[in-house]
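Engineer: I am attaching a structure below and will ask some questions about it afterwards.
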Amino acid sequence: MDKIVHRLSHYQLGKVDNFIRPMLQRDFISNLPAHLVELILFNVNSDSLKSCEEVSTSWRCALARGQHWKKLIEKNVRSDSLWWGLSEKRQWDKFLNISRDMSVRRICEKFNYDVNIKRDKLDQLILMHVFYSKLYPKIIRDIHNIDNNWKRGNYKMTRINCQSENSKGVYCLQYDDDKIVSGLRDNTIKIWDRKDYSCSRILSGHTGSVLCLQYDNRVIISGSSDATVRVWDVETGECIKTLIHHCEAVLHLRFANGIMVTCSKDRSIAVWDMVSPRDITIRRVLVGHRAAVNVVDFDDRYIVSASGDRTIKVWSMDTLEFVRTLAGHRRGIACLQYRGRLVVSGSSDNTIRLWDIHSGVCLRVLEGHEELVRCIRFDEKRIVSGAYDGKIKVWDLQAALDPRALSSEICLCSLVQHTGRVFRLQFDDFQIVSSSHDDTILIWDFLDAPPSGLPSSTNRATLPELPNQAAVARAQMLFEMAARREIERRDREVVEEPALRPRANAARRHNADIAAAAAAAEAARGAGDNDESSSEEDLDRVDQVNNPNVAGPAPPQPHNQNHRRRQPRPELPVRLMQEMAAFDNMRRQQNNMDHLGGGDVDEEMPDGGP
Numbered sequence: 001m002d003k004i005v006h007r008l009s010h011y012q013l014g015k016v017d018n019f020i021r022p023m024l025q026r027d028f029i030s031n032l033p034a035h036l037v038e039l040i041l042f043n044v045n046s047d048s049l050k051s052c053e054e055v056s057t058s059w060r061c062a063l064a065r066g067q068h069w070k071k072l073i074e075k076n077v078r079s080d081s082l083w084w085g086l087s088e089k090r091q092w093d094k095f096l097n098i099s100r101d102m103s104v105r106r107i108c109e110k111f112n113y114d115v116n117i118k119r120d121k122l123d124q125l126i127l128m129h130v131f132y133s134k135l136y137p138k139i140i141r142d143i144h145n146i147d148n149n150w151k152r153g154n155y156k157m158t159r160i161n162c163q164s165e166n167s168k169g170v171y172c173l174q175y176d177d178d179k180i181v182s183g184l185r186d187n188t189i190k191i192w193d194r195k196d197y198s199c200s201r202i203l204s205g206h207t208g209s210v211l212c213l214q215y216d217n218r219v220i221i222s223g224s225s226d227a228t229v230r231v232w233d234v235e236t237g238e239c240i241k242t243l244i245h246h247c248e249a250v251l252h253l254r255f256a257n258g259i260m261v262t263c264s265k266d267r268s269i270a271v272w273d274m275v276s277p278r279d280i281t282i283r284r285v286l287v288g289h290r291a292a293v294n295v296v297d298f299d300d301r302y303i304v305s306a307s308g309d310r311t312i313k314v315w316s317m318d319t320l321e322f323v324r325t326l327a328g329h330r331r332g333i334a335c336l337q338y339r340g341r342l343v344v345s346g347s348s349d350n351t352i353r354l355w356d357i358h359s360g361v362c363l364r365v366l367e368g369h370e371e372l373v374r375c376i377r378f379d380e381k382r383i384v385s386g387a388y389d390g391k392i393k394v395w396d397l398q399a400a401l402d403p404r405a406l407s408s409e410i411c412l413c414s415l416v417q418h419t420g421r422v423f424r425l426q427f428d429d430f431q432i433v434s435s436s437h438d439d440t441i442l443i444w445d446f447l448d449a450p451p452s453g454l455p456s457s458t459n460r461a462t463l464p465e466l467p468n469q470a471a472v473a474r475a476q477m478l479f480e481m482a483a484r485r486e487i488e489r490r491d492r493e494v495v496e497e498p499a500l501r502p503r504a505n506a507a508r509r510h511n512a513d514i515a516a517a518a519a520a521a522e523a524a525r526g527a528g529d530n531d532e533s534s535s536e537e538d539l540d541r542v543d544q545v546n547n548p549n550v551a552g553p554a555p556p557q558p559h560n561q562n563h564r565r566r567q568p569r570p571e572l573p574v575r576l577m578q579e580m581a582a583f584d585n586m587r588r589q590q591n592n593m594d595h596l597g598g599g600d601v602d603e604e605m606p607d608g609g610p
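Take a look at the structure:
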């Protein structure tokens, strides 16, 4: 045989191979013992299970006997928080981690089958196999839709109007599947039922705005601008203890595993031992910040604090000694979250920074908010931030940690529904819950979002007339086009007329500039647009255009025909600049009115330090 094989041509060897190969194949699923088959199939992924079903009837029966689709779903639920949360939201968790008889009974109840008909073991296995094999692609489809909704900003909106009597604003909140607990500017804590979003209880006792809170299954602990920390019973709503230590407003607090950390406008951090809800004693006071301490967070290794002095300080949880400072923000820091070795902070310099807590290195700076970044949270997938510009932005965390990622790839979407400053937010895999100075709590649902891709709201408020940045940009573009044509015309004159131009030509060009500026400003006014701010440099430019006699830059010198130099770009349109300044003055007046009407607009957030 060896000699014959060596004498065969390639074509003949191919024929022999096609003849012998089927004889060498073995159906290991049918031939191996059942416990080995189950072990093999348990370690394959969903795509391999789909392929196995298409091989033969015996392979399909092996999958049904081992209930491998059911086991694959159960394994994903145990290892992935998104799967676990989705099982509760969609209520298919009741079909998991139960016996075969119980599974058959619940499947029959769901589809109105007669349980007595499914007495045969083979019928039961086939019923379960079909149910779980159909359930798996539905779960994958839900997960895919949730991910797309986060990226596209597609949500279902639910709005809670807090209806504060005196002063409006919701400074803090926390939620679970049953309730939302919120701290308000009117000195109360309101608890909202998640079923109908009605106010189920109001906790009164603070004499100042409730600036921060946290709760567990036993207590709600809140901090206020009255400089006190109060402990409330979750079930009864009774205030069971009042802690008096700080001499100014308590801006933030965190508690876990028998330890509570509070921070205050008095620049100090207090560490408390919590033996029981009624037995809370102070352990140590941490001092080191040069301005109000706005936020704290901690785990079993570090306490992390951020202040209006532009710094983040890290303290050892074991020794309560100072470890290091994270410096980089250009203005005061309003918010942060600490998890693992990552710290994410937001500042009044309008930026978000990602830090490595061990080395103190800033890993990335995220820009996009137009005003102070007031609140920030992150998980394994994304960062969600809220700011005084009324926007909530969703960022891709993995892209932010990748130094090769472009800045344009990091921000997934911007959510705009609040009509005031965003004070606090919290989120999970399916929703964002946020609160604002507009006295509302918004629930952004990404699980049950409409398929059309357009956000849906159960109670949508009318937005105030705000500056339309797109129209302002269009007006500036029109002006720059007119200015570019004017520059090209000047360059042609430079080539054609090397002699000095008379002053009359300069005056004519000046009038043409003003006419082009007026046309662009009219376009902006026609769209109902204003810009939000104007710098002093821009106001000086407006004065120079309106009054040519005011001292300013020297008039352009004549060009040498052999050296063509581009003229400087003309400034912004005169009327557009005037409208920008007027709008800025209007906003300042509104802020002054808020200040005179009932205290600081945001008592929790100080000025931001020097």
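The opening residue of the sequence shown carries number 1 in full-length UniProt numbering; numbering runs sequentially from there. The beta-carbon is built from N, C-alpha and C at its ideal position, and this holds for glycine as well.
(1) Taking all protein chains shown into account, do 16 or more other C-beta atoms lie within 10 angstroms of the C-beta of Ala387, making it buried, or fewer, making it exposed?
(2) Confirm the yes/no value for this check: CB of Asp349, any heavy atom of the ligand FMN, distance under 8 Å.
(3) Given that a residue counts as buried once 16 or more other Cβ atoms are within 10 Å of its Cβ, and exposed if not, what is Thr228?
(4) Determine the DSSP secondary structure at Ala292, reduced to helix, strand or coil.
(5) Which residues mark the beginning and the end of the alpha helix (DSSP H) in which Met274 is found?
(6) What separation, rounded to the nearest whole angstrom, lies between the Cα atoms of Asp448 and Leu86?
(7) If you run the structure through DSSP and keep just helix, strand and coil, what is Asp356?
(8) Let me check understanding here. Comparing Cα to Cα, which of Ala256, Ser9, Glu88, Tyr197 lies closest to Gln214?
(9) Could you tell me the distance, in whole angstroms, from the CA atom of Leu463 to the CA atom of Met274?
(10) Assign Ala425 to one of three DSSP states: helix, strand, or coil.
(11) His252 by DSSP, collapsed to three states: which one?
(12) Could you spell out the range, first to last residue, of the beta strand (DSSP E) harbouring Arg207?
(13) Please check the pair Tyr338 and Asp309, which I expect to be a contact at CB under 8 Å, by giving their CB distance rounded to whole angstroms.
(14) Taking 8 Å as the cut-off, does the region 261-270 touch the region 303-317 (at least 3 CB pairs, one atom from each stretch)?
(15) To which residues does DSSP link Asp279 through a beta bridge?
(16) So, is Ser225 buried or exposed, given that buried needs 16 or more other C-beta atoms within 10 angstroms?
(17) For Ser348, which residues from the same chain have a beta carbon less than 7 Å from its beta carbon, with the 5 sequence-adjacent residues on both sides left out?
(18) Using beta-carbon positions only, say whether Gly169 and Ser200 come within less than 9 Å of one another.
(19) Per the contact definition of three or more C-beta pairs closer than 8 Å, is the region 38-45 in contact with the region 111-125?
(20) In three-state DSSP terms, what is Asp147?
(21) What span of residues does the beta strand (DSSP E) with Tyr155 cover, start to end?
(22) Alpha carbon to alpha carbon, how far is Val394 from Ser204?
(23) For a quick check, are the C-beta atoms of Phe42 and Gly14 less than 9 Å apart?
(24) Between Trp192, Arg421, His358, which lies nearest to Asn161 when the distance is taken from Cα to Cα?
(25) What three-state label does DSSP hand Asp193 in the structure shown?
(26) What whole-angstrom Cβ distance do Gln363 and Leu397 have, given they're in contact under 8 Å?
(27) Decide if Ile117 is buried, meaning its Cβ has at least 16 other Cβ atoms within 10 Å, or exposed.
(28) Determine the contact status of Leu342 and Ile352, defining contact as a CB-CB distance below 9 Å.
(29) Please state the DSSP three-state secondary structure of Ser198.
(30) Between which two residues does the alpha helix (DSSP H) carrying Gly66 extend?
(31) Tell me the DSSP secondary structure of Leu49 in three-state form.
(32) Using beta-carbon positions only, say whether Phe446 and Asn154 come within less than 9 Å of one another.
(33) Check each candidate in His206, Glu54, Thr57, Arg377 and name the one with the smallest Cα separation from Phe427.
(34) For Pro403, tell me which candidate among Leu366, Arg194, Arg26, Leu135 has the shortest Cα-Cα distance.
(35) In chain order, what residues of the same chain lie with their CB nearer than 8 Å to the CB of Lys89, ignoring the 5 residues before and after it?
(36) Among Cys172, Asp17, Cys52, which has the Cα closest to the Cα of Asp439?
Structural biologist: Based on what the coordinates show:
(1) buried
(2) What this structure holds is no ligand at all, so the ligand FMN is not there to describe.
(3) buried
(4) coil
(5) Careful: Met274 lies outside any alpha helix (DSSP H), inside the beta strand (DSSP E) at 268-276.
(6) Rounded to the nearest angstrom, the gap between the Cα atoms of Asp448 and Leu86 is 12 Å.
(7) Strand at Asp356.
(8) Ala256
(9) Note that Leu463 scores 34 on pLDDT, short of 50, meaning its location in the model is unreliable; the coordinates nonetheless yield the value given after this. Cα-Cα distance, rounded: 45 Å.
(10) For the record, residue 425 in the displayed sequence is Leu; it is not Ala. Correct three-state label for Leu425: strand.
(11) The answer is strand: DSSP assigns His252 an E or B state.
(12) The sequence given here places Thr at residue 207; Arg does not occur at that position. No beta strand (DSSP E) contains Thr207, which DSSP labels as neither H nor E.
(13) About 18 Å separates the two Cβ atoms, so there is no contact after all.
(14) yes
(15) Asp279 is bridged by DSSP to Ser276.
(16) buried
(17) Arg331, Gly332, Ala334, Leu372, Gly608
(18) no
(19) Taking 8 Å as the limit for Cβ pairs, the verdict is that the region 38-45 does not touch the region 111-125.
(20) helix
(21) In this chain, Tyr155 is not harboured by any beta strand (DSSP E), its DSSP state being neither H nor E.
(22) Within the model, the alpha-carbon separation for Val394 versus Ser204 is close to 35 Å.
(23) no
(24) Trp192
(25) strand
(26) Residue identity check: residue 363 is Leu in the sequence provided, not Gln. Not quite, the Cβ-Cβ distance comes to about 11 Å (not below 8 Å), so this is no contact.
(27) So Ile117 ends up on the exposed side.
(28) no
(29) It is coil, neither helix nor strand.
(30) Boundaries of the alpha helix (DSSP H) harbouring Gly66: 57-66, taken from the DSSP string.
(31) Of the three classes helix, strand and coil, the one that applies to Leu49 here is helix, per DSSP.
(32) yes
(33) Arg377
(34) Nearest neighbour of Pro403 by Cα position, chosen from Leu366, Arg194, Arg26, Leu135, turns out to be Leu366.
(35) Phe430, Leu447
(36) Cys172
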